[in-house]
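Protein chains in written order, with full-length UniProt numbering: chain A, 1 to 449; chain B, 1 to 360.
For every residue, glycine included, the Cβ atom is placed at its ideal position computed from N, Cα and C.
Okay, so here's the structure we're looking at.
Okay, here's the thing in structure tokens:
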């Protein structure tokens, strides 16, 4: 009933002043609106509203608390059912075959890359990894609806956005290996991607910091009037951080073109959602901040696309924040440092993997249209795996970055103290070069400053 | 933010405080400028110079800032560039960091640096490290400023120096100015700097008029970050300090000159990068050094200077151990008498120098 209560509030607030009060009143009495006053004084109260600076509500003489369990919650918008059938024809975005196939290929390529990099961590070849299993629909559906120039702040489980924007496999691999070609100069843990070229801000490990930062960037975009927005991704777990509150509130008061995209995947590492919050999830918080909010089936890539498209329109045209809560399920462990069998059942995971997977749903949709079949699937699987393995092998063979890059980018220009440190280390390494594996490190030819 | 309602109390108390402690100079002096006006004019001129510069903080707009540093700026630049925020330091800390990442030049005002603790993750983990973690791709040209250190009568949670905290962290530049000249020149430099700068002002000094030259009043006047200033040349002992501590040193030096002790007073200006060259050069001349700070001694600025001297060749120029004058190692008491006892006073410096030089 949340949406109904919300629509009621909207009706009242937007009601033209000269409109018949009777109509307003009958609206109030429509069945199902349990939280409403039935006082006949309502007429006169309508005329004189409270004058408190902090509230635009109405008077009531009925002592009544608002309970969160009075309604069912914001509904989950979907386009397809689990078999890939479109439920209401007018909700099909009618994307061209080529685009849908690209979406599917991005989702499956990500899935295969995850498998290979996860295994490589298990073999000790990279230090850490985080898979995106089960959440591919949220990534690709949302990324496809954005303008490629829109700025993205990710949390850490959004590799699909980069995949959609054309981040080369080699760049993923180079980052995870932290080799000499890594755009990040080997400074970050694996999966902390960042690329200015693709408008994807380097991942920051502390949870939630990207939220207020994204609002700040959106404020800059608003000032620039560049017709772009900022998309900020976060998990429902990060929404417990104070940063989330700060970001929601500021985005509303500063009126910024930002889309908050929450991937509600059911777990904050090991903590299930029912221990993370009461009330109506993350989307349910939006209206309290004055943010238009919606909940979507994150495993329905077309639904995510539709929602994101509409959200972007609102954000850019009206300079307003929008909150999207995409419901999904984290099929993989939180990271390679986690074993989720300690806190959830194998059956639960298997259900989502086998019955409600975003990839199989899109495949069904494509098959129904004759765009995809077993032969194409087999060929694509083989080809994508080969591409990944080749890229992986290339990255593994590369040298490590020049160790002297330790000292650059602390500041725009190296301070005297940093130069001293670098000089000291250069002298030390050159004196004891037989004791250091210097041959494993690249040597930058341009002067470091 | 902690206790907002103490704001007016803050102001009253500090006005009283400096009325009590300082006799203002005669009007016949050269051009004078208060620290407040130095900061205000620096922001104003930089906002005029660069459209990307904007100011954000609690009450900085129509109210002109809790300490009136932003006086007149909202009227001049409007809502777009002088922005009042809800009371969420972590929020506007993060928002200014994000705006800087996206190409603006934000000035983030904390009503006092005590409240910056609410935003510490944004300052340390994001502002300071993003350039490095993004491999040089994402600059964060932000200035984080506000009053720092002990005020007057505002007790433990409103009276501490964060100089040592912030100067601990690579990636940040940390400025702790003393005079109107410092404030004007260094704040302008900070706003133009491509790196994140923490700018630690002193509330007690805000209302104090100080002599300034015509050069200081020029729109192009900029003081380089990372360079100390010798405020008073001398030959017997080096006194190193920052912020209001410099004033205490100058008062102590004046008194000590009566005992035939000629103090050299160094105003550090920047805490990171720390200008050890100036300190060491002075020490090699005087052979004695005393550090003075209002913050706690433990892992403090004096401790850092002392350690760096011990690691340098200038150590061998010392004729006596390095001594530190600092705040007492307890949270600040509320009682006026105890507060005074906990903060270094000129007399403490005089006594320490006399002990060091064995002067009666």
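Beta-carbon neighbours of residue 201/A, restricted to chain B and to distances below 7 Å: If you number the first chain from 1, residue 201/A lands on position 201. Simply 101, 138.
CB contact below 8 Å: residue 229/B versus chain A: Position 229 of the second chain, counted from the start, is the residue given in the question as residue 229/B. Not closer than 8 Å to any Cβ of chain A, the Cβ of residue 229/B fails to qualify, so no.
Residue environment, residue 251/A, which counts as buried when at least 16 other CB atoms sit within 10 Å: Here residue 251/A is taken as the residue at index 251 of the first chain, counted from 1. Answer is buried; the Cβ neighbour count reaches 16.
For residue 261/A, the first and last residue of its enclosing beta strand (DSSP E): What you label residue 261/A is simply residue 261 of the first chain in a count that begins at 1. Unbroken beta strand (DSSP E) run through residue 261/A: 258 to 264.
DSSP-derived helix/strand/coil call for residue 306/A: Along the first chain, read from residue 1 onward, the residue named residue 306/A stands at position 306. Looking at residue 306/A - three-state DSSP - the assignment turns out to be helix.
Cα-Cα separation, residue 321/A to residue 175/A: In the first chain, residue 321/A corresponds to position 321, counting from 1. In the first chain, residue 175/A corresponds to position 175, counting from 1. Between residue 321/A and residue 175/A, the C-alpha separation is close to 32 Å.
Nearest to residue 108/B (by Cα), restricted to the options 82/B, 177/B, 124/B: What you label residue 108/B is simply residue 108 of the second chain in a count that begins at 1. For the residues 82/B, 177/B, 124/B, the minimum Cα distance to residue 108/B belongs to 82/B.
Short-range partners of chain A found in the segment 166 to 200 of chain B, where Cβ spacing is below 7 Å: Those residues of the segment 166 to 200 of chain B that come within reach of chain A (Cβ to Cβ, closer than 7 Å) are 170, 171, 194, 195.
Test: residue 36/A CB closer than 8 Å to a CB of chain B: The residue given as residue 36/A occupies position 36 in the first chain. Caution is warranted here: a pLDDT of 41 is assigned to residue 36/A, below 50, making its placement in the model unreliable, and the coordinate value is therefore given only provisionally. Residue 36/A does not count as touching chain B.
Closest by C-alpha distance to residue 282/A, when choosing among 300/A, 303/A, 238/A: By 1-based counting over the first chain, the position of residue 282/A is 282. Closest by alpha carbon: 238/A.
Within-8 Å CB hit, residue 410/A to chain B: Within the first chain, residue 410/A is the residue found at index 410, counting from 1. Taking Cβ atoms only, chain B reaches closer than 8 Å to residue 410/A, which makes this a yes.
Residue interval of the beta strand (DSSP E) (run including residue 108/B): Numbered from 1 along the second chain, position 108 holds the residue referred to as residue 108/B. Taken as a continuous stretch (DSSP letters only), the beta strand (DSSP E) holding residue 108/B covers 105 to 109.
Residue 178/B versus 34/B, 360/B, 219/B, 87/B, residue with shortest Cα-Cα distance: Position 178 of the second chain, counted from the start, is the residue given in the question as residue 178/B. When only C-alpha atoms are compared, the closest one is 34/B.
Contact list for the segment 238 to 252 of chain A against chain B, Cβ threshold 8 Å: Listed by position, the residues of the segment 238 to 252 of chain A near chain B (Cβ gap below 8 Å) are 242, 243, 245, 246, 247, 249, 250.
Segment limits, alpha helix (DSSP H) that includes residue 130/A: The count along the first chain starts at 1 and reaches residue 130/A at position 130. Where residue 130/A is concerned, there is no enclosing alpha helix (DSSP H), given that its DSSP letter is neither H nor E.
Nearest candidate by alpha-carbon position, reference residue 345/B, set 280/B, 244/B, 46/B: Counting from one through the second chain, the residue named residue 345/B turns up at place 345. Each of 280/B, 244/B, 46/B was checked against the Cα of residue 345/B, and the nearest Cα belongs to 244/B.
Nearest-angstrom Cβ-Cβ length linking residue 126/A and residue 280/A, presumed shorter than 8 Å: Within the first chain, numbered from 1, the residue matching residue 126/A stands at position 126. Within the first chain, numbered from 1, the residue matching residue 280/A stands at position 280. Actually they are not in contact, since the Cβ atoms of residue 126/A and residue 280/A sit about 39 Å apart, beyond 8 Å.
Residue from 364/A, 213/A, 273/A, 112/A whose Cα sits closest to the Cα of residue 101/A: Taking the first chain and counting its residues from 1, one reaches residue 101/A at position 101. Residue 364/A is the option with its Cα nearest to residue 101/A.
Own chain residues within Cβ distance below 7 Å of residue 297/B, not counting five before or after: As a first step, residue 297/B is located in the second chain; it is residue number 297 there, counting from the start. Within the same chain, residue 297/B has close Cβ partners 303, 324, 326, 329.
Proximity of residue 229/A and residue 316/A at Cβ, strictly below 8 Å: Stepping through the first chain from its first residue, residue 229/A is reached at position 229. Stepping through the first chain from its first residue, residue 316/A is reached at position 316. Residue 316/A is positioned such that its CB atom lies closer than 8 Å to that of residue 229/A.
Environment of residue 150/B [buried if 16+ CB atoms lie within 10 Å]: Numbered from its first residue, the second chain carries residue 150/B at position 150. That one is buried.
Backbone CA spacing between residue 293/B and residue 177/A [nearest angstrom]: Taking the first residue of the second chain as position 1, residue 293/B is located at position 293. Taking the first residue of the first chain as position 1, residue 177/A is located at position 177. Roughly 46 Å separates the two Cα atoms.
Other residues of its chain near residue 333/A: CB distance less than 8 Å, five sequence neighbours each side excluded: Locating residue 333/A in the first chain gives position 333, where the first residue counts as 1. Only residues of its own chain outside the window of five on either side were considered, and among them 131, 339, 340 have a CB closer than 8 Å to the CB of residue 333/A, listed in chain order.
Straight-line gap, residue 159/B to residue 342/B (C-alpha atoms, nearest Å): Stepping through the second chain from its first residue, residue 159/B is reached at position 159. Stepping through the second chain from its first residue, residue 342/B is reached at position 342. CA-to-CA, the gap between residue 159/B and residue 342/B works out to about 11 Å.
Rounded straight-line distance, which links the Cα of residue 80/A to that of residue 195/B: Taking the second chain and counting its residues from 1, one reaches residue 195/B at position 195. Taking the first chain and counting its residues from 1, one reaches residue 80/A at position 80. Their backbone Cα atoms lie some 49 Å apart in a straight line.
Through-space distance from residue 181/A to residue 77/B, alpha-carbon basis: Translated into positions along the second chain, residue 77/B becomes position 77. Translated into positions along the first chain, residue 181/A becomes position 181. Whole-angstrom Cα-Cα distance: 45 Å.
Beta-carbon proximity of residue 104/B to residue 162/B, cut-off 8 Å: The residue labelled residue 104/B in the question sits at position 104 within the second chain. The residue labelled residue 162/B in the question sits at position 162 within the second chain. Not a contact, by the Cβ cut-off of 8 Å.
Segments assigned beta strand (DSSP E), at least 3 residues, entirely inside the segment 275 to 334 of chain A: Entirely contained in the segment 275 to 334 of chain A, the beta strand (DSSP E) runs reaching 3 residues are, in chain order, 292 to 297, 322 to 327.
Chain A contact residues for residue 224/B, given Cβ-Cβ distances below 9 Å: Here the question's residue 224/B lines up with position 224 in the second chain. Within 9 Å of the CB of residue 224/B, no CB atom of chain A is found; the nearest one sits about 12 Å away.
Contact set for residue 276/A: own chain, Cβ-Cβ below 7 Å, skip 5 residues either direction: What you label residue 276/A is simply residue 276 of the first chain in a count that begins at 1. Same-chain partners within the cutoff: 236, 237, 240, 268.
Collapsed DSSP secondary structure at residue 211/B in the structure displayed: The count along the second chain starts at 1 and reaches residue 211/B at position 211. Note: residue 211/B maps to strand in three-state DSSP.
Supposed close pair residue 271/A, residue 264/A - CB separation, criterion 8 Å: Here residue 271/A is taken as the residue at index 271 of the first chain, counted from 1. Here residue 264/A is taken as the residue at index 264 of the first chain, counted from 1. At roughly 13 Å, the Cβ-Cβ gap does not stay under 8 Å, so residue 271/A and residue 264/A are not in contact.
Buried versus exposed, by CB contacts within 10 Å (16 or more), residue 184/A: Taking the first chain and counting its residues from 1, one reaches residue 184/A at position 184. Looking at its Cβ environment, which holds 16 or more other Cβ atoms inside 10 Å, residue 184/A is buried.
Extent of the continuous alpha helix (DSSP H) to which residue 270/B belongs: By one-based count along the second chain, residue 270/B stands at place 270. Careful: residue 270/B lies outside any alpha helix (DSSP H), inside the beta strand (DSSP E) at 270 to 272.
Proximal chain B residues relative to residue 404/A, where beta-carbon distance stays under 8 Å: Working through the first chain from its first residue, we reach residue 404/A at position 404. Neighbours of residue 404/A in chain B, taken as residues at a C-beta separation under 8 Å, are lacking, since the least C-beta distance is about 14 Å.
Limits of the unbroken beta strand (DSSP E) element including residue 232/A: Position 232 of the first chain, counted from the start, is the residue given in the question as residue 232/A. Boundaries of the beta strand (DSSP E) harbouring residue 232/A: 230 to 235, taken from the DSSP string.
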